[in-house]
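Undergrad: Residue numbers (our numbering), protein chains in the order written: chain W, 142 to 558; chain B, 142 to 558.
First, the structure itself, so that you have it in front of you.
Number of protein chains: 2
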Amino acid sequence: MSGVTQLATAAQAAARRLGNTSTRQRDRALLAMAHALISSQDDILAANAKDMEAAKAKNTAASLLDRLELNPARLKGMSEALKALAMLPDPVGEVVTGHRLPNGISLTAVRVPLGVVAIIYEARPNVTADAAGLCIKTGNAVILRGGSLAIESCLSLARVLAKAVEGAGLPADCIQAIESTEHAAVDELMGLHGLIDVLIPRGGAGLIKSVVENAKVPVIETGVGNCHVYVHKDADPKMARDIVINAKCQRPGVCNAAETLLIDDEIHDKVLPPILKALEENGVTVYADDKARALGSITRIQAASEDDWHAEYLDLKIAVKVVADIDEALAHIAKYGTKHSEAIVTEDYQASRRFVDEVDAAAVYVNASTRFTDGGEYGLGAEIGISTQKLHARGPMGLAALTSTKWIGLGSGQIRE
Amino acid sequence: MSGVTQLATAAQAAARRLGNTSTRQRDRALLAMAHALISSQDDILAANAKDMEAAKAKNTAASLLDRLELNPARLKGMSEALKALAMLPDPVGEVVTGHRLPNGISLTAVRVPLGVVAIIYEARPNVTADAAGLCIKTGNAVILRGGSLAIESCLSLARVLAKAVEGAGLPADCIQAIESTEHAAVDELMGLHGLIDVLIPRGGAGLIKSVVENAKVPVIETGVGNCHVYVHKDADPKMARDIVINAKCQRPGVCNAAETLLIDDEIHDKVLPPILKALEENGVTVYADDKARALGSITRIQAASEDDWHAEYLDLKIAVKVVADIDEALAHIAKYGTKHSEAIVTEDYQASRRFVDEVDAAAVYVNASTRFTDGGEYGLGAEIGISTQKLHARGPMGLAALTSTKWIGLGSGQIRE
Chain W
142 MSGVTQLATA AQAAARRLGN TSTRQRDRAL LAMAHALISS QDDILAANAK
192 DMEAAKAKNT AASLLDRLEL NPARLKGMSE ALKALAMLPD PVGEVVTGHR
242 LPNGISLTAV RVPLGVVAII YEARPNVTAD AAGLCIKTGN AVILRGGSLA
292 IESCLSLARV LAKAVEGAGL PADCIQAIES TEHAAVDELM GLHGLIDVLI
342 PRGGAGLIKS VVENAKVPVI ETGVGNCHVY VHKDADPKMA RDIVINAKCQ
392 RPGVCNAAET LLIDDEIHDK VLPPILKALE ENGVTVYADD KARALGSITR
442 IQAASEDDWH AEYLDLKIAV KVVADIDEAL AHIAKYGTKH SEAIVTEDYQ
492 ASRRFVDEVD AAAVYVNAST RFTDGGEYGL GAEIGISTQK LHARGPMGLA
542 ALTSTKWIGL GSGQIRE
Chain B
142 MSGVTQLATA AQAAARRLGN TSTRQRDRAL LAMAHALISS QDDILAANAK
192 DMEAAKAKNT AASLLDRLEL NPARLKGMSE ALKALAMLPD PVGEVVTGHR
242 LPNGISLTAV RVPLGVVAII YEARPNVTAD AAGLCIKTGN AVILRGGSLA
292 IESCLSLARV LAKAVEGAGL PADCIQAIES TEHAAVDELM GLHGLIDVLI
342 PRGGAGLIKS VVENAKVPVI ETGVGNCHVY VHKDADPKMA RDIVINAKCQ
392 RPGVCNAAET LLIDDEIHDK VLPPILKALE ENGVTVYADD KARALGSITR
442 IQAASEDDWH AEYLDLKIAV KVVADIDEAL AHIAKYGTKH SEAIVTEDYQ
492 ASRRFVDEVD AAAVYVNAST RFTDGGEYGL GAEIGISTQK LHARGPMGLA
542 ALTSTKWIGL GSGQIRE
């Protein structure tokens with residue numbers, strides 16, 4: 142049995158024990174984890190310093206270095222997040238539905254942990270603590286696979302957290318990290334049907350595509366977001382500008398940021414120029430179709446190609462297209478969207494209804510920014526990722542998304558006739 | 142674009158239209174489908190006769206021929222089932238959860254169709270009508286792939302049903318069947334990520350394993366059931382016998398039938414002989430461990446091998462093992478079970494609680510037959526299959542299992558701070 146299989150086998154055994162612990166035991170473990178991040182701060186920061194040094198030697202981009210870096214304030218934040226998790230209600234044991242069958246059997250469907258959750262992520266060490274916390278809260282064993290850039294930090298964090306969990310009386314194997322940074326380890330993980338109950342890839346489109354195409358275990362696809370803001374002819378111009386700027390600029394590197402602006406022909410000559418101006422003021426480069434470029438109101442504007450309609454820039458760039466009407470907007474979104482988050486700006490009732498009904502996406506907004514697609518914003522308390530598939534969970538995944546159900550039938554000797 | 146991809150592309154376009162039809166339109170289409178099965182009876186039976194003839198020429202087993210055969214009474218049954226579906230409440234549009242966010246956005250999660258559902262099944266023509274009905278009810282386009290033995294029947298049924306749906310004003314492409322019986326068609330189907338929202342294999346363990354291992358589209362694993370009845374030392378002996386006989390013999394060829402009997406050592410010499418006798422009377426062959434065989438009370442008993450603990454016989458065969466106590470029973474089920482349906486027979490409260498909490502399966506029973514794991518028995522109204530995975534749906538899958546959700550945020554210009 143090779144390394145990853147051995148680790149998953151241990152995870153499954155740990156999950157069996159963890160699944161029958163009480164809410165109180167798991168919440169105590171979360172508080173122990175929160176405490177350990179602070180008391181083991183020196184070890185974690187030393188490991189992180191190694192990652193930072195190696196990353197700098199590879200001329201890693203400043204934005205990536207910023208994501209990679211840990212410091213006492215960030216560890217404090219991770220610790221506080223674990224404490225907050227401990228305060229949330231436990232989904233495990235919740236009776237989802239139930240009734241007495243005509244034959245007298247008392248039937249309930251009860252939330253239970255998924256079992257073993259594997260998470261593949263990139264160079265964000267904080268995901269290690271977040272994901273481990275969410276899994277312990279929901280009674281799942283977790284297998285963590287951090288990116289190679291953050292490997293020392295992730296392994297150190299996982300060791301500290303596993304030790305804390307063990308100290309709180311839960312199996313240490315509930316939290317395990319894969320040490321190898323070789324791709325073969327991920328290949329092995331993806332093939333462990335029967336050991337891994339769900340695999341969640343968090344990261345770039347390439348990683349997610351590779352997992353979706355190669356995994357034999359159940360996968361939840363997350364995060365790729367080619368999100369649109371559609372400014373309808375009856376939009377409030379100022380609201381349209383504010384929403385476009387917020388959706389594009391408030392945090393351009395995330396999946397719920399807008400990547401394309403669609404605007405109705407009828408109003409584009411009046412409503413688009415102030416939006417383009419505001420985009421330019423915010424440092425955004427615009428890739429626009431001919432009609433938008435013909436407005437000639439800004440300098441950072443280039444001709445859009447087919448690629449731009451497909452692009453998830455994750456950057457201060459936006460594609461702009463003038464559309465004939467809502468039909469063309471809906472068709473464009475159906476063709477190029479990734480079913481993540483889509484917004485219309487309009488004061489027209491029928492247009493709002495059509496957009497909500499006809500756009501096929503995890504989240505659809507009327508007169509609000511796409512940036513709201515987030516577990517915290519939705520009041521879910523915590524988030525393990527944003528699902529862009531339709532099976533199991535869609536949109537921000539809170540604690541309930543890390544559970545399954547079990548049907549329980551209590552009888553008195555019933556047999557089937 | 143090859144055949145299957147073309148068909149899936151048409152299905153996706155049809156699904157987009159179907160997803161925005163009203164409950165009334167879809168229920169009318171179901172009634173039209175029900176009517177068409179009767180009015181096109183001659184065509185369907187002629188196609189079925191071809192399948193029967195070819196199957197007989199291949200010396201197909203009588204039990205399979207029975208599953209394959211259609212007649213006016215069976216068509217009437219399929220037609221009635223479609224009418225019953227039309228009477229069920231529509232899950233599409235149900236508001237699953239909702240609240241107003243602190244910033245004033247009104248947020249709801251609403252049930253929506255999955256989109257395109259593909260179903261691979263074997264030589265049971267009735268699945269064609271059942272699956273098509275369930276998908277139309279829930280606003281999903283369906284791609285059907287029947288087994289080669291039933292191909293003419295399935296294609297004829299799909300043609301008749303698609304025409305009925307079209308006559309009722311829905312796109313004909315909502316119901317399509319794959320004509321090719323080549324395995325390449327299934328391979329192609331499994332690879333259509335982005336076109337197929339879920340693939341449900343219904344059939345033998347081999348088919349399911351192949352789909353789970355090779356599909357790039359989301360899959361729901363169904364049906365493999367190595368189910369146990371565990372007779373605890375404090376069981377009522379008569380109840381134990383009745384439940385074992387029902388779980389094994391009432392319909393041995395189905396996934397929720399029992400395949401192994403576990404019984405506590407302390408009572409096995411008193412409680413097991415009448416159970417063995419009843420099994421023999423019901424024509425069951427017993428594969429038993431040494432202790433059970435030592436009882437010497439029946440003739441149709443053989444020594445069990447390791448394979449018997451793993452076996453899903455789907456036949457009048459059962460494995461019998463004497464266990465030391467509930468710990469050994471739980472460990473045996475954890476090792477050999479397929480997480481489908483498991484039952485304990487006991488009058489002891491603590492044993493019942495431990496069994497319910499510690500057995501990891503879609504359905505767990507106390508003092509009731511495993512045969513109850515069924516959408517009809519659970520009152521779900523209809524069933525598309527029984528999920529043995531933990532993601533999305535677990536156990537009998539009713540109409541809600543064929544839906545996803547969409548988050549809808551209605552705002553008044555909110556942007557994220």
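For glycine and all other residues, C-beta sits at the position ideal for the given N, C-alpha and C.
Would you list, in chain order, the members of the segment 342 to 363 of chain B that have their beta-carbon closer than 7 Å to a beta-carbon of chain W?
TA: Against chain W - using a Cβ distance shorter than 7 Å - the residues of the segment 342 to 363 of chain B are V353, E354, K357, P359.
Undergrad: In whole angstroms, what separates the C-alpha of E558 of chain W from that of I261 of chain W?
TA: Distance between the alpha carbons of E558 of chain W and I261 of chain W: 48 Å.
Undergrad: Only counting the same chain, and skipping five residues up and downstream in sequence, which positions put a Cβ closer than 7 Å to that of V327 of chain B?
TA: Cβ within range, chain order: I261, R286.
Undergrad: Closer than 8 Å, CB to CB, is W548 of chain W near chain B or not?
TA: True, the Cβ-Cβ gap to chain B drops below 8 Å.
Undergrad: Using DSSP's beta-bridge definition, name the partner residues of Y371 of chain W.
TA: In the DSSP output, where bridge partners are listed per residue, Y371 of chain W has W:L403, W:I485.
Undergrad: Whole angstroms are fine: how far does the CA of W548 of chain W sit from the CA of K480 of chain B?
TA: Each residue's Cα considered, the two are about 11 Å apart.
Undergrad: Does any C-beta atom of chain W lie closer than 8 Å to the C-beta of E518 of chain B?
TA: Output row for E518 of chain B: interface = yes.
Undergrad: Thinking just about the alpha-carbon of each residue, which of W:A173, W:A196, W:P232 is nearest to the one in S220 of chain W?
TA: Checking every option, the nearest Cα to that of S220 of chain W belongs to W:A173.
Undergrad: Go through its chain and collect everything with a Cβ distance to Q555 of chain W's Cβ below 6 Å, but skip five positions before and after it.
TA: Result list for Q555 of chain W: N244, I246, in chain order.
Undergrad: Among W:V339, W:D410, W:Q391, W:P254, which has the Cα closest to the Cα of L457 of chain W?
TA: When only C-alpha atoms are compared, the closest one is W:Q391.
Undergrad: Check the Cβ-Cβ distances between H176 of chain B and every residue of chain W, and say whether any is below 8 Å.
TA: Closer than 8 Å: no.
Undergrad: Would the segment 404 to 420 of chain B and the segment 459 to 474 of chain B be scored as touching if the rule is three or more Cβ pairs under 8 Å?
TA: The segment 404 to 420 of chain B is in contact with the segment 459 to 474 of chain B.
Undergrad: Tell me, which residues are paired with I459 of chain W by DSSP?
TA: DSSP output for I459 of chain W lists W:V427 as bridge partner(s).
Undergrad: Relative to the C-alpha of G274 of chain B, which residue among B:G536, B:R169, B:R495 is closest?
TA: Out of B:G536, B:R169, B:R495, B:R169 has the C-alpha closest to the C-alpha of G274 of chain B.
Undergrad: Mind reading off the beta-carbon distance from L455 of chain B to A282 of chain B? Whole number of angstroms is fine, and I expect it under 8 Å.
TA: Not a contact, Cβ separation roughly 32 Å.
Undergrad: Between A291 of chain B and P266 of chain B, is the Cβ-Cβ spacing less than 8 Å?
TA: Contact: yes.
Undergrad: So what does DSSP say about A152 of chain B, is it helix, strand or coil?
TA: Helix, per DSSP.
Undergrad: Give the residues of chain B in contact with L229 of chain W, contact being defined as C-beta atoms less than 9 Å apart.
TA: Within 9 Å Cβ-Cβ: nothing; L229 of chain W doesn't reach chain B, min ~16 Å.
Undergrad: Where does R506 of chain W sit, in a helix, a strand or coil, going by DSSP?
TA: Before going further, note that residue 506 of chain W is Tyr rather than Arg in the sequence given. Note: Y506 of chain W maps to strand in three-state DSSP.
Undergrad: Output needed in chain order: residues of the segment 433 to 454 of chain W with a Cβ under 7 Å from some Cβ in chain B.
TA: Hits within the stretch: zero.
Undergrad: Quick one: residues in its chain with C-beta nearer than 6 Å to the C-beta of K432 of chain W, no 5 flanking neighbours on either side, listed in chain order?
TA: Excluding positions up to five away in sequence, the list reads V463.
Undergrad: Rounded C-beta distance between H473 of chain W and L403 of chain W? I'm assuming under 8 Å.
TA: Yes, they are in contact, since the Cβ atoms of H473 of chain W and L403 of chain W sit about 6 Å apart, within 8 Å.
Undergrad: Which residues mark the beginning and the end of the beta strand (DSSP E) in which A318 of chain W is found?
TA: Segment 316 to 318, the beta strand (DSSP E) holding A318 of chain W.
Undergrad: Any heavy atom of the ligand NAD inside 7 Å of the beta-carbon of G274 of chain W?
TA: Looking at this structure, you won't find the ligand NAD or any other ligand, since it has none at all.
Undergrad: Please list the terminal residues of the continuous alpha helix (DSSP H) segment that includes R252 of chain B.
TA: Not the alpha helix (DSSP H): R252 of chain B falls in the beta strand (DSSP E), residues 247 to 254.
Undergrad: Would you mind working out which of W:G288, W:M380, W:R535 sits nearest V567 of chain W, comparing C-alpha positions?
TA: Residue numbering for chain W in the displayed model covers 142 to 558; residue 567 of chain W lies beyond these limits and cannot be assessed.
Undergrad: Would you verify that the beta carbon of L159 of chain W is, or is not, closer than 8 Å to some beta carbon of chain B?
TA: By this cut-off, L159 of chain W is not an interface position.
Undergrad: Going by DSSP in three states, G554 of chain W sits in which element: helix, strand or coil?
TA: Of the three classes helix, strand and coil, the one that applies to G554 of chain W here is strand, per DSSP.
Undergrad: A419 of chain B and R382 of chain B: beta carbons closer than 8 Å?
TA: Yes, the pair counts as a contact, with Cβ atoms nearer than the cut-off.
Undergrad: Let me make sure I understand the geometry here. Which of B:A195, B:L551, B:T514 has the alpha-carbon closest to that of G364 of chain B?
TA: Of the listed residues, the one whose Cα sits closest to G364 of chain B is B:T514.
Undergrad: Whose C-alpha, out of B:D489, B:E483, B:E400, is nearest the C-alpha of A445 of chain B?
TA: The residue with the shortest Cα to Cα distance from A445 of chain B is B:E400.
Undergrad: Roughly how many whole angstroms lie between the Cα atoms of G522 of chain B and L540 of chain W?
TA: Approximately 29 Å, taken between the alpha carbons.
Undergrad: Return the residues of the segment 405 to 416 of chain W that lie within a Cβ-Cβ distance of less than 8 Å from chain B, sorted by chain order.
TA: Listed by position along the chain: nothing, the set is empty.
Undergrad: Which word fits Q147 of chain B, buried or exposed, when buried means at least 16 other C-beta atoms lie within 10 angstroms of its C-beta?
TA: Exposed, since its Cβ has fewer than 16 Cβ neighbours within 10 Å.
Undergrad: Which of the three DSSP states is assigned to Q443 of chain B in this structure?
TA: The answer is strand: DSSP assigns Q443 of chain B an E or B state.
Undergrad: Can D314 of chain W and A177 of chain W be called in contact, C-beta distance under 8 Å?
TA: Contact flag unset, no.
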